[in-house]
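Colleague:
In my numbering, the protein residues as written are 1 to 766.
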């Protein structure tokens with residue numbers, strides 16, 4: 001995340017080492033902006049060549065402030081709000097899928113990456129609409145309306161009360177919420193993707209030809225607004241999600257989505273508010289369509305002329321020469337040469353974009369306490385933009401100059417190769433962290449196994465057992481066994497023996513389940529069974545339930561969550577709580593008992609047993625750990641973020657700079673579309689792996705992705721070795737000279753034929 005402006009005076013080699021964004025978005029970096037601007041025909045150089053690129057509808061001078069057109073301030077504010085909206089919504093999206101819609105992690109990951117892929121495909125559609133039909137201003141307005149509606153729809157989809165018929169705080173008609181969520185995401189994808197090729201270019205349109213310096217500064221300010229919006233929203237929306245809302249306290253996804261929706265509405269209002277101040281251009285046609293038609297004709301013509309009777313041509317694009325001029329064909333050849341190098345690139349994005357999915361899920365199983373500051377799992381995504389702010393100047397000012405002094409030929413393609421390798425190392429680091437997390441997780445039952453834990457809440461020692469499965473376990477008062485694993489089908493009953501008295505109750509379990517058996521001899525000998533959690537609590541929170549050995553304990557609450565009234569040996573359901581101490585209170589015998597709980601960490605589960613009345617303000621409660629708190633710290637994710645961000649720094653903008661230097665000046669948007677397509681395909685790869693992979697262990701999936709990227713990296717390195725760099729301007733100039741010479745020769749031949757009294761064959765119809 002940097003605030004570096006790219007101007008026409010900057011050479012390509014000055015920007016090849018820079019990366020400007022925590023995650024490249026359609027036309028969202030200054031370099032991407034300049035590529036778009038060149039394509040839109042606003043570069044000074046193209047004007048000097050006399051190319052007619054656009055017709056300005058409003059020629060009169062616009063008001064300015066500090067040398068800038070006032071209109072650009074509306075555009076900058078619009079971009080800040082739009083980026084806040086997009087990144088804020090996306091920061092909590094995968095957790096919304098997992099914990100509100102109750103999808104498993106694979107499905108949540110697949111849908112998340114399908115959404116991101118669509119966001120990278122729709123800019124192509126937006127560019128075509130703006131250039132060929134509506135123009136940039138109308139395209140931004142209309143698609144921003146679609147965008148705002150999409151944000152509103154997904155916010156509404158998170159309102160549980162719409163289908164919460166039993167008033168438990170959870171939706172009963174999930175299909176309704178899923179349908180609204182998918183509709184909202186599709187609208188958002190078309191909105192955010194469709195406007196991105198237009199906003200930055202539209203901002204550049206506001207400047208006069210003489211304002212080259214001001215235009216460059218605008219791109220810096222514009223990019224700063226992108227970074228500010230994305231970084232701030234990634235911090236704030238997880239905090240909003242963590243608040244309690246609704247008549248039953250729960251994660252506040254409606255507000256977490258609602259605030260970004262409100263910011264998108266503000267973005268739209270602000271942009272329309274500056275309408276009278278904008279310079280607006282008319283559509284001039286889209287070069288991507290022209291290139292596509294040229295390629296399609298070449299393929300069609302080659303297929304039509306297959307066979308030995310037709311002479312071969314040096315390049316398949318030469319088959320388009322019957323319809324298209326030599327210069328266009330040569331330009332398309334240059335574009336295809338670069339696009340061919342793009343083929344291995346999707347694998348990088350397949351790894352990079354998992355920061356918002358797999359790595360976020362990984363963080364839910366880690367300890368987020370940073371010395372008094374509690375970090376939510378989805379807030380760890382902010383590490384990437386923070387590192388970008390630090391690393392971009394370091395790499396640009398220190399690393400690249402040192403490499404140059406060592407006289408190493410660190411070409412753009414070599415930088416990209418290193419970036420891919422660093423991303424692979426990041427996933428190896430993620431796999432090592434995942435292995436440590438797996439070691440710290442409880443030994444949950446698998447296959448046909450089940451587990452049971454005994455708790456003696458009586459006043460004397462007890463011997464407990466699963467009849468016919470395990471031996472007796474001796475427990476002192478308020479002592480518990482560890483979880484005992486056994487084959488589920490073999491368990492028929494459990495028993496507890498206090499002295500000479502024995503209590504046996506039926507006990508039937510299903511495979512993969514966990515249970516707690518509570519036994520007591522207070523008053524009379526009793527036993528109950530309760531179903532335990534079989535996985536870590538959602539979102540890294542703590543699952544708490546209550547049991548009492550007393551009678552008629554009323555109004556049991558913990559930090560505002562009502563567990564109702566309890567009778568002897570009746571276990572409540574689990575409720576989720578964030579880290580920290582929580583106030584526990586209840587009523588018994590007309591007296592209110594109140595006490596702070598123990599300090600809760602991340603991802604634990606406890607059964608709390610109330611066993612004493614409270615004649616004073618201090619009373620005793622017993623904690624039995626069902627699942628231990630997360631012990632691997634989130635700080636261990638920082639190395640993997642450091643590696644993947646390093647890879648991004650040397651891969652992302654370097655790739656764009658390389659494409660810029662190797663493509664014709666009027667076809668930058670074609671390569672921009674190809675670049676965005678690599679990101680879309682990368683996310684589709686993750687979607688396929690998440691749904692089709694049979695790998696059970698997450699660390700093994702990380703290793704698979706790392707291995708695939710290393711293999712692709714080797715292929716790319718070989719392709720890069722054989723690539724020959726070209727100077728498009730020189731090539732275009734040579735073609736233009738040859739074309740001029742050819743026409744001159746034709747004119748001479750035509751004149752000679754006329755003087756000799758012959759009619760040129762080409763004019764035989766005259």
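All C-beta atoms, glycine included, are put in the ideal place defined by N, C-alpha and C.
(1) Please report the residue range of the alpha helix (DSSP H) in which residue 178 lies.
(2) With 16 other CB atoms within 10 Å as the buried threshold, where does residue 378 fall?
(3) By how many angstroms is the C-alpha of residue 652 removed from the C-alpha of residue 675?
(4) If distances are taken between C-alpha atoms only, which option among 748, 662, 727 and 741 comes closest to residue 340?
(5) For residue 567, I'd like the list of residues in its chain whose CB is within less than 7 Å of its CB, leaving aside the five on either flank, ordered along the chain.
(6) I need the straight-line Cα distance from residue 24 to residue 83, nearest angstrom please.
(7) With a threshold of 7 Å on Cβ separation, who are the neighbours of residue 302 within its own chain once the five nearest residues in sequence on each side are excluded?
(8) Mind the definition here: the region 293 to 301 touches the region 138 to 158 only if three or more C-beta pairs lie below 8 Å; say whether that holds.
(9) For residue 713, does the count of other Cβ atoms within 10 angstroms reach 16, so buried, or fall short, so exposed?
(10) Could you give the C-beta distance for residue 643 and residue 425, rounded to a whole number, given that I count them as a contact under 8 Å?
(11) Do you know offhand how far residue 746's Cα is from residue 739's?
(12) With distances taken from CA atoms, which of 77, 117 and 358 is nearest residue 346?
(13) Per the contact definition of three or more C-beta pairs closer than 8 Å, is the region 434 to 446 in contact with the region 517 to 532?
(14) What are the start and end residues of the alpha helix (DSSP H) that includes residue 593?
(15) Can you name, in chain order, every residue of its own chain whose Cβ lies under 6 Å from the Cβ of residue 687, other than the five neighbours on each side?
(16) Given that a residue counts as buried once 16 or more other Cβ atoms are within 10 Å of its Cβ, and exposed if not, what is residue 176?
(17) Helix, strand or coil for residue 749? Go by DSSP, reduced to three states.
(18) Give the C-beta separation of residue 433 and residue 637 to the nearest angstrom, bearing in mind that I take them to be a contact with Cβ-Cβ under 8 Å.
(19) So for residue 250, helix, strand or coil by DSSP?
(20) Name the DSSP bridge partner or partners of residue 530?
(21) Kindly provide the ranges of any alpha helix (DSSP H) runs that are 4 or more residues long and lie completely inside the region 393 to 442, ordered along the chain.
(22) Does the region 270 to 280 come close enough to the region 570 to 589 to have 3 or more Cβ pairs within less than 8 Å?
(23) Using the three-state DSSP reduction, which class does residue 310 fall into: helix, strand or coil?
(24) Of all the beta strand (DSSP E) runs that stay within the bounds of the region 539 to 577, which reach a length of 3 or more residues?
(25) Who are the Cβ neighbours of residue 357 in its own chain at under 6 Å, not counting the five residues just before and after it?
(26) Taking the continuous alpha helix (DSSP H) assigned at residue 78, which residues delimit it?
(27) Under 6 Å Cβ to Cβ from residue 366, same chain only, skipping five residues before and after it: list those, please.
(28) Identify which residue in 751, 165 and 610 has its Cα closest to the Cα of residue 457.
(29) Does the beta-carbon distance from residue 623 to residue 598 come in below 7 Å?
(30) By how many angstroms is the C-alpha of residue 201 removed from the C-alpha of residue 52?
(31) Beta carbon of residue 481, beta carbon of residue 503: below 7 Å?
(32) Measuring alpha carbon to alpha carbon, tell me which residue in 749, 724 and 728 is nearest residue 412.
(33) Measuring straight from C-alpha to C-alpha, what distance separates residue 466 and residue 487?
(34) Please report the residue range of the beta strand (DSSP E) in which residue 454 lies.
(35) Could you check what DSSP says for residue 492 in three-state terms: helix, strand or coil?
(36) Output the residue ranges of the alpha helix (DSSP H) runs that lie fully inside the region 284 to 333 and measure 4 residues or longer, sorted by chain position.
Modeller: In this structure, then:
(1) From DSSP, the alpha helix (DSSP H) with residue 178 extends over 174 to 205.
(2) buried
(3) 10 Å
(4) Of 748, 662, 727 and 741, the smallest CA-CA separation from residue 340 is found for 662.
(5) Taken in chain order, the residues that qualify are 551 and 552.
(6) Below a pLDDT of 50, predicted positions are generally treated as unreliable, and residue 24, at 37, falls in that range; no measurement from the model is reported.
(7) Contacts found: 316 and 319.
(8) no
(9) buried
(10) In this structure residue 643 touches residue 425 by the C-beta definition: roughly 5 Å separates them, less than 8 Å.
(11) So the two alpha carbons sit approximately 11 Å from each other.
(12) Nearest of 77, 117 and 358 to residue 346, Cα basis: 117.
(13) no
(14) Looking at the DSSP string, residue 593 is not in any alpha helix (DSSP H); the run it does join, the beta strand (DSSP E), is 591 to 596.
(15) 110, 113 and 114
(16) exposed
(17) helix
(18) 6 Å
(19) Correct three-state label for residue 250: strand.
(20) 516
(21) 400 to 405 and 412 to 440
(22) No: the two stretches stay apart, fewer than three of their Cβ pairs being nearer than 8 Å.
(23) coil
(24) 542 to 548, 553 to 558, 561 to 566 and 575 to 577
(25) Contacts found: 94, 109 and 112.
(26) Judged by DSSP secondary structure, residue 78 falls within the alpha helix (DSSP H) whose first and last residues are 71 to 99.
(27) The beta carbon of residue 366 is closer than 6 Å to those of 630, 632 and 634 in its chain, skipping five residues each way along the sequence.
(28) 610
(29) yes
(30) Reliability of the predicted coordinates at residue 52 is poor, the pLDDT of 39 falling under 50, and the value obtained from them is presented with this limitation in mind. Cα to Cα, residue 52 sits roughly 17 Å from residue 201.
(31) no
(32) 724
(33) 11 Å
(34) 449 to 456
(35) coil
(36) 287 to 304
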